[in-house]
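Visitor: Going down the list, the sequences are from chains C and A.
To convert, note that position 217 of the first sequence is 381 in the numbering used here; the numbers rise steadily by one, no gaps.
To convert, note that position 211 of the second sequence is 375 in the numbering used here; the numbers rise steadily by one, no gaps.
From the three backbone atoms N, C-alpha and C, an ideal C-beta is built for every residue, glycine too.
No experiment lies behind these values; they were computed from the predicted model shown.
There are 2 protein chains.
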Amino acid sequence: MPQRADQRLALARIPPNERGRGAETRERLLDAAERVFAERGFEGASMRAVTQAAGASVSAANYHFGSKQALLRATLLRCVGPLNERRLARLDALEVAAGGRPLELETIVEAFLRPVVEAHASSADATARFRQVAARLYSDPPDVVAAMKRELFGPVAARFVTALCAALPEKTREQIELGFQFSVGVMVHVISGHLVTVADPEDEAREGWTSRLSDESVLQQIIAYVAAGLRAAAGPRGGAR
Amino acid sequence: MPQRADQRLALARIPPNERGRGAETRERLLDAAERVFAERGFEGASMRAVTQAAGASVSAANYHFGSKQALLRATLLRCVGPLNERRLARLDALEVAAGGRPLELETIVEAFLRPVVEAHASSADATARFRQVAARLYSDPPDVVAAMKRELFGPVAARFVTALCAALPEKTREQIELGFQFSVGVMVHVISGHLVTVADPEDEAREGWTSRLSDESVLQQIIAYVAAGLRAAAGPRGGAR
DNA sequence: GTATGTTTCGAACGATCGTTCGAATTTGAA
DNA sequence: TTCAAATTCGAACGATCGTTCGAAACATAC
């Protein structure tokens, strides 16, 4: 990384004019950043690649965001914010619908997972790009994204862990937190498309099942897997054996 | 990436003298590469950082390995090879011990997971470093490591999927492959230390539970979680509901 | 000793990186 | 129109990147 960037987060110079021509290229930059960061990661993506994909100049990007890190931050915020709102809205709706305590485990898991596969507002293929961006959050250098992770996902994670605690009263909160981590791992691994490729003798040309994530059946399988795992993970002794 | 590197894998010029002073710095370079690649990722780690950590020169690294990609490849091979041998040895031992068919699911999962947490031959803290390197395999730019992934993990994955099929005869191989992907996701996420940090009001200063992975109890919880998930994932209708 | 081949290193090359700067261009109000 | 602010751009800066090259340092056999 050339030129110190002064360590602190560059304090994103926010241009005053919110709409107009400026805001338009601002969003074109965010779109391109979403795409390029997703494909090449933070270190792998260059400012020039992003701005070129956006049809803008490097200086324009730095004018709007202040630094590469701040651009990543803005990109993530725009992606993840609406997603988390959906998750919380779903969970809230579930809880009010069932005035009575017991909330079925699978429905909580679904509230957490389904918003990921659903297309979200901004654009049609935004989902596909978001998947990779979110996955990158868990694979880029810790010093870059550690704080962002806590900021973006901390509150919603706490909210869901609490809901899970209510649904699994026989487990400690610590156990559930651990199980929640496992579940996030499943989600991240699937949406990032990092499959293992089982290397079955014949059929080389699979590889293409990330597209199948949008399939309802795969979502159902993830929900079933995660819910069973949460129920089981070292409970008082074998939750669902 | 400056200077083309000629696209093909640089064909690692293997020095003829296998032992002697040469082989020693060769291994010091691999140790350092393990550490630095783990900490900063492939793109984030510089050749100079690696060689400096190894107390060698950049030219020495290129003399022994030929290119940065080839160095990563050699590093992964040295890490993952012994690990996979352990996994397969464990699975083999299990199968001969139980001449009768039914192999308990948990023991298969354990055969896959325990070698990761165990220290392996080369050095004491090699495990800690390996964890991150293996995790990087699932987080670095696809074009760099896609082939390596299949080469390194493909056969052992196929072997384990087959064993799982025998232990879960009521499921299709496709279902089990998917569940196996989920399980790899759990493992990768945990060993890479990308926790979500639940952001509970008080206690800011946790974060340090990656060290707890070596705890036997966490391993047990992962095994329980994964086994239950595999049993459940959209079976003939709810495996462990 | 010389001769041969292996190994290491410092220096340099060309390329690309993130960022900055000053001059254009555009926008919106006076 | 005129002026000031907002916005974009091209060019350049300094740093760092992966890689290459030629000369030293080292080992081993004659």
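Give me the residue from A:Met-211, A:Ala-217, A:Phe-229 with the minimum Cα distance to Gly-186 of chain A.
Guide: Nearest option by C-alpha distance: A:Phe-229.
Visitor: Would you please state the rounded distance, in angstroms, between the beta carbons of Leu-332 of chain C and Leu-394 of chain C? I believe it to be under 8 Å.
Guide: That pair is a contact at about 7 Å.
Visitor: Quick one: residues in its chain with C-beta nearer than 8 Å to the C-beta of Arg-192 of chain C, no 5 flanking neighbours on either side, listed in chain order?
Guide: Cβ within range, chain order: Ala-218, Gly-219, Ala-220.
Visitor: Could you check whether the region 329-345 of chain A touches the region 255-270 of chain A, counting it as contact only if at least three pairs of C-beta atoms, one from each stretch, sit closer than 8 Å?
Guide: Flag = yes, the region 329-345 of chain A and the region 255-270 of chain A touch.
Visitor: Count the CB pairs spanning the region 269-278 of chain A and the region 234-248 of chain A that are closer than 8 Å, and state whether there are at least three.
Guide: No, because fewer than three Cβ pairs between the region 269-278 of chain A and the region 234-248 of chain A fall closer than 8 Å, the two stretches do not touch.
Visitor: Indicate whether at least one CB of chain A lies closer than 8 Å to the CB of Pro-279 of chain C.
Guide: Chain A, which has no Cβ nearer than 8 Å to the Cβ of Pro-279 of chain C, makes this no.
Visitor: My output table needs one value for Arg-251 of chain C: the three-state DSSP class, helix, strand or coil.
Guide: Three-state result, Arg-251 of chain C: helix.
Visitor: Suppose the cutoff is 7 Å on Cβ atoms and the five residues either side in sequence are ignored; what does the same chain contact list for Lys-232 of chain C look like?
Guide: For Lys-232 of chain C, where only same-chain residues beyond five positions count, the Cβ hits under 7 Å are Met-211.
Visitor: Pick from C:Tyr-227, C:Ala-224, C:Gln-345: whose alpha carbon is nearest that of Val-273 of chain C?
Guide: For Val-273 of chain C, the nearest C-alpha among the options comes from C:Gln-345.
Visitor: Cα separation between Ala-257 of chain C and Arg-237 of chain C?
Guide: The alpha-carbon atoms of Ala-257 of chain C and Arg-237 of chain C are separated by roughly 29 Å.
Visitor: Under 8 Å between the Cβ atoms of Arg-314 of chain C and Val-325 of chain C?
Guide: No; because the gap between Cβ atoms is not below 8 Å, this pair is not in contact.
Visitor: In whole angstroms, what is the alpha-carbon distance linking Thr-374 of chain C and Val-382 of chain C?
Guide: In this predicted model, Thr-374 of chain C has a pLDDT of only 39, less than 50, meaning its place in the structure is not dependable; the value taken from the coordinates is given anyway. Going by the C-alpha atoms only, they are around 10 Å apart.
Visitor: Helix or strand or just coil, what does DSSP make of Pro-266 of chain C?
Guide: Coil.
Visitor: When we look at the beta-carbon of Ala-261 of chain A and count the other beta-carbons within 10 Å, is it buried (16 or more) or exposed?
Guide: Exposed, because fewer than 16 other Cβ atoms sit within 10 Å of the Cβ of Ala-261 of chain A.
Visitor: Is the beta carbon of Ala-213 of chain A closer than 8 Å to that of Thr-239 of chain A?
Guide: Against a cut-off of 8 Å, the Cβ pair of Ala-213 of chain A and Thr-239 of chain A comes out as no contact.
Visitor: Nearest to Val-281 of chain C by CA position, among C:Val-352, C:Ala-391, C:Arg-204, is which residue?
Guide: Checked all of C:Val-352, C:Ala-391, C:Arg-204; the closest Cα to Val-281 of chain C is C:Val-352.
Visitor: Once the 5 residues before and after Thr-271 of chain A are set aside, which same chain residues still bring their CB inside 7 Å of it?
Guide: These residues qualify, in order along the chain: Leu-258.
Visitor: Just to make sure I have the definition right: I need the residues of chain C whose C-beta is within less than 7 Å of the C-beta of Arg-395 of chain A. Which are they?
Guide: Ala-392, listed in chain order.
Visitor: Measure the alpha-carbon distance for Val-348 of chain A versus Arg-242 of chain A and round it to whole angstroms.
Guide: Between Val-348 of chain A and Arg-242 of chain A, the C-alpha separation is close to 20 Å.
Visitor: Against chain A, with Cβ distances strictly below 8 Å, would Val-200 of chain C count as a contact?
Guide: No - not a single Cβ of chain A is within 8 Å of the one on Val-200 of chain C.
Visitor: In chain C, which residues lie with their C-beta within 8 Å of the C-beta of Phe-276 of chain A?
Guide: Within chain C, no residue comes near Phe-276 of chain A; the closest Cβ sits about 11 Å away, beyond 8 Å.
Visitor: Strictly below 7 Å CB to CB, what residues from chain C border Glu-207 of chain A?
Guide: By Cβ distance, chain C contributes Gly-205, Glu-207, Gly-208.
Visitor: Excluding sequence positions up to five away, which residues of its chain have a Cβ less than 7 Å from the Cβ of Val-222 of chain A?
Guide: Excluding residues within five positions, the ones whose Cβ falls inside 7 Å are Met-211, Arg-212, Thr-215.
Visitor: Identify the contact partners of Tyr-389 of chain A in chain C, using a Cβ-Cβ distance below 7 Å as the criterion.
Guide: Within chain C, the residues near Tyr-389 of chain A are Gly-343, Phe-346, Gly-393, Ala-396, Ala-397.
Visitor: For chain C, find out if any of its Cβ atoms is closer than 8 Å to the Cβ of Val-350 of chain A; answer yes or no.
Guide: So, interface residue.
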